[in-house]
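Report on the following structure.
There are 2 protein chains.
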Amino acid sequence: MLLDAAREAAAEAVGCRPDELVFTPSGTRAVHTGMAGVLAGRRRVGGHLIVSAVEHSSVLHSADVHEADGATVTQVAVDRTGSVDVRSYADALRPDTALACLQSANHEVGTEQPVGAVAEVCRAAGVPLLVDAAQSLGWGPVEGDWSVLTASAHKWGGPAGVGLLVVRKGVRFAPQGPLDERESGRAAGFENLPAIVAAAASLRAVRAEAAQEAVRLRELTDRIRARVPELVPDVEVVGDPERRLPGIVTFSCLYVDGETLLHELDRAGFSVSSGSSCTSSTLTPSHVLRAMGVLSEGNVRVSLPPGTPEADVERFLEVLPGAVAAVREKLGASLPITIATEDALIVDALGKRCPIPVIELAKVIGEVPVGATIRVLSDDEAARLDIPAWCEMRNQEYVGEEPATEGTAYLVRRLS
Amino acid sequence: MLLDAAREAAAEAVGCRPDELVFTPSGTRAVHTGMAGVLAGRRRVGGHLIVSAVEHSSVLHSADVHEADGATVTQVAVDRTGSVDVRSYADALRPDTALACLQSANHEVGTEQPVGAVAEVCRAAGVPLLVDAAQSLGWGPVEGDWSVLTASAHKWGGPAGVGLLVVRKGVRFAPQGPLDERESGRAAGFENLPAIVAAAASLRAVRAEAAQEAVRLRELTDRIRARVPELVPDVEVVGDPERRLPGIVTFSCLYVDGETLLHELDRAGFSVSSGSSCTSSTLTPSHVLRAMGVLSEGNVRVSLPPGTPEADVERFLEVLPGAVAAVREKLGASLPITIATEDALIVDALGKRCPIPVIELAKVIGEVPVGATIRVLSDDEAARLDIPAWCEMRNQEYVGEEPATEGTAYLVRRLS
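So the sequences go chain by chain: A and B. Residue 1 is where the first sequence starts when you use the UniProt record's numbering, and the numbers rise one by one after that. Residue 1 is where the second sequence starts when you use the UniProt record's numbering, and the numbers rise one by one after that.
If you want it as structure tokens, here you go:
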């Protein structure tokens, strides 16, 4: 009875029938099960899968498995704000498309996706759209005529250990893996009843305050978006300024190492994230920032959970400039190793982790005449993203990259 | 740090290295992941899988998936106590055996399996043994040189939402499904940290009292095993009388419908189980009782959690005879439909659910001469198990079964 009541409450918040919704052990498991189930259920139609380039790793890794099985995956690009274009989704649809996936909003930069419009073009083509609503479900139901929806309770402030998988009636769905009759055969294992009840109750509770709290948090994140570039030089605020989640704001600071900045802010009592939280143990820059083509250097993501006091935001804005300055001072101390050749100045940044290659580029660009070329040698993968991003911010020309004896040579022409 | 501490505590209780142990969302998921990972990791050796006939449904359903993929599965039979024979496991091993699975103790009848000895023959053959230790881990570590172990926290009195998967170093293991770096890539999804910490703490707590509590509960279950056949006529106590879990006792009552008896006992304040709890929504009898060849009719499983007061057991023994008698009276009221033919008396029990076919057989057997045959027509699957089991209990001869125009005809010869 508790399980039924929780299912009804969650279904009401999602806007679906209770028998379309099952509880999974996490949002990640909901995505894995949802994608695998639709892909298997629609195998006769074909194996083509569409995802956006900025999906959560659970979606992209499911796509990798599907591709490794021999199927084709189309990754739809995003613009500089992190948003997909509805036309790109429409263009990606094929007669053999089994499934399209699109997040309701991005987990790193907060940009909201045009889910309703994408659902419409998918529906017209007879292709189910799976919406990863992990970031937004606490704020409200997902717009439009989607087919499958996934979410995660801890993202809306509920307990760990509960995800939602909603499959609309009429969507062909073949659960994969060993048979288990619990949760309509879509979520194996003993039901975590206490957590499920808490998840449904917390969803109802956050929804009751969502409209009012969204206005308040949006004002606070607007303040961060406006004030950070005034307080800190060489900063790029990323994500869509309007179509975005209320409580997430992300910016990147030139000449700053994100990890070091996180430690500085942590010492001041602020727990923020950098790059992509889900791949933070790898040293490659966030796939989201890379897909957006924005600076990943010194990336900071500030998440304001519901109830965050205004005073905390004000204190963060007081602390941030000093923290960034301290990191820049620390990183900027060493002198670049340069070699002047006939046609270019070579900066040897091999073995140095970003943002050092960009810092060294910035230091030497004033030493070559306008029109001259600098070759930055780097073996840090992040340089591939950050050197072009720096050029765009500093109005210098990014010429391109070449393989070098060691690492890669990034060519920059001084324009100003 | 909390996660590391929980892992160390759990590993100490299991008797493994902390880096061999991961937390999964349930015991079922631990089994699914463990079996799939070893079967994939040892694909080059072959695809042969060995399981016992009385494993938990999570093991048997994983075996079904493996078989559906084209591999061979050997199901090792059990004796009438529910125990496997070590020699049967040894005989089942083949050069292409990828994995053998054996529970530490049975979840329905409490019989302990010879895990240590089976681990030894598997080790000698170079085949990893996966032990489903869900039933026993709270009582102590699993004996012997096993390779993979699974367990479930709620089974030892911990919270829902936590399972354990232990893979010994040196076992080839290839996690299946989408990449996820958490829990060594073996348990995708956001870690349920509060539940994991509680699981480790509760395991430590139950272990501290396990030795003493096992003695006390064993005395109580011994009492049930001894007294029930004295108090209730036509009862078969099942499971090994010695090698068994301290807190589980199972018996079957002739001429009783298990579900109805459960309701009677529930009204008296006792929550017991019948047949197989994991397949209770299906109407077929428990696969465990079927594999043991014992009566499934009127099956009752009594689980005494640690701390169960002696007075509760005494009250149960007071209530049980009346409850069984009430059900027998209710079910025994209708008269059997019989047709006398030249060579047999036909009992038409078509459309009647067990135990009715057995009750009708018992009613009419006195009406035919010794040496005569009765044909019981039944379309209830449970009759296939219960009619032979009744014959064995009542010293009548079970001749065999034949397809009938409708349902199946079960042939019984009166011997006494």
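Even for Gly, the Cβ is constructed at its ideal location relative to N, Cα and C.
Under 8 angstroms by Cβ, that's how I've got B:Pro357 and B:Ser378 pegged, so tell me the actual separation to the nearest angstrom. 4 angstroms
Taking 8 angstroms as the cut-off, decide whether the C-beta atoms of A:Arg328 and A:Val228 are in contact. no
Where the beta strand (DSSP E) through A:Val249 begins and ends: 248-253
Give me the residue from B:Val171, B:Leu137, B:Val142 with the minimum Cα distance to B:Leu156. As written in the sequence, residue 156 of chain B is Trp, which differs from the Leu given in the question. When only C-alpha atoms are compared, the closest one is B:Leu137.
Suppose the cutoff is 7 angstroms on Cβ atoms and the five residues either side in sequence are ignored; what does the same chain contact list for B:Val78 look like? Ser52, Ala53, Val54, Val84, Ala291, Met292
For A:Thr28, return the contacting residues in chain B, with the cut-off set at a CB-CB distance below 8 angstroms. Asp180, Ala188, Gly189, Phe190
Coil, strand or helix - B:Ile337 by DSSP: coil
Along the chain, which unbroken stretches of the beta strand (DSSP E) at least 3 residues long are found entirely within the stretch 202-278 of chain B? 235-238, 248-253
In whole angstroms, what is the alpha-carbon distance linking B:Leu203 and A:Glu108? 38 angstroms
In the DSSP output, which residue or residues are listed as bridge partners for B:Asn299? B:Ser252
For A:Arg42, count the other beta carbons within 10 Å of its own beta carbon; 16 or more makes it buried, fewer makes it exposed. Which is it? buried
How would you list, in chain order, the residues of chain A whose beta-carbon sits under 7 angstroms from the beta-carbon of B:Asp69? Chain A residues near B:Asp69: none, gap ~12 angstroms exceeds 7 angstroms.
Nearest candidate by alpha-carbon position, reference B:Asn192, set A:Thr24, A:Gln396, A:Ala382, A:Ala13: A:Thr24
Given a cut-off of 8 angstroms, decide if B:Ala344 and B:Ile374 are closer than it, judged by their beta-carbon atoms. yes
What is the DSSP secondary structure of B:Ser52, reduced to helix, strand or coil? strand
Is the Cβ-Cβ distance between A:Thr250 and A:Asn299 less than 8 angstroms? yes
Taking the alpha helix (DSSP H) that B:Leu317 falls in, what are its first and last residues? 310-331
Would you decide whether B:Val370 is buried or exposed? Buried here means 16 or more other CB atoms lie within 10 Å of its CB. exposed
Using a C-beta to C-beta distance shorter than 8 angstroms, which residues of chain B count as neighbours of A:Ser152? Phe190
Three-state secondary structure (DSSP) of A:Val10: Note that residue 10 of chain A corresponds to Ala in the displayed sequence, not to Val. Note: A:Ala10 maps to helix in three-state DSSP.
Can you give me the C-alpha to C-alpha distance between B:Ser280 and B:Ala187, rounded to a whole angstrom? No answer about B:Ser280 holds up, because its pLDDT of 41 lies below 50 and its placement is not dependable.
Could you tell me which residues DSSP puts in a beta bridge with A:Pro403? A:Thr408
Neighbour flag for A:Gly138 against chain B, beta carbons, 8 angstroms: no
Kindly list, in the order they appear in chain A, the residues whose Cβ is closer than 7 angstroms to that of B:His61. Pro178, Leu179, Asp180
Between B:Glu20 and B:Arg168, which are expected to be in contact by the criterion C-beta below 8 angstroms, what is the C-beta distance as a whole number of angstroms? 6 angstroms
Look at the Cβ atom of B:Thr308, then the Cβ atom of B:Leu231, and state whether they are nearer than 8 angstroms. no
Where DSSP assigns a beta bridge to B:Gly163, which residues make up the other side? B:Thr24, B:Ser152
Where A:Ser147 and A:Glu381 are concerned, what is the direct C-alpha to C-alpha distance, given to the nearest angstrom? 38 angstroms
Which residues bound the beta strand (DSSP E) around B:Arg394? That residue, B:Arg394, is in no beta strand (DSSP E); its alpha helix (DSSP H) goes 383-394.
Between the CA atoms of A:Ile359 and A:Val238 - distance to the nearest angstrom: 21 angstroms
DSSP three-state call for A:Glu143: helix, strand or coil? coil
List the residues that DSSP assigns as beta-bridge partners of A:Gln103. A:Asp132
Give the DSSP bridge partners of A:Ile374, in chain order. A:Leu345, A:Val412
Can you tell me whether A:Thr72 is helix, strand or coil according to DSSP? coil
Taking all protein chains shown into account, decide if A:Asp386 is buried (16 or more other Cβ within 10 angstroms of its Cβ) or exposed. buried
For B:Leu265, collect the residues of the same chain with a Cβ closer than 6 angstroms to its Cβ; drop the 5 residues on either side in sequence, then sort them by chain order. Val272, Ala323
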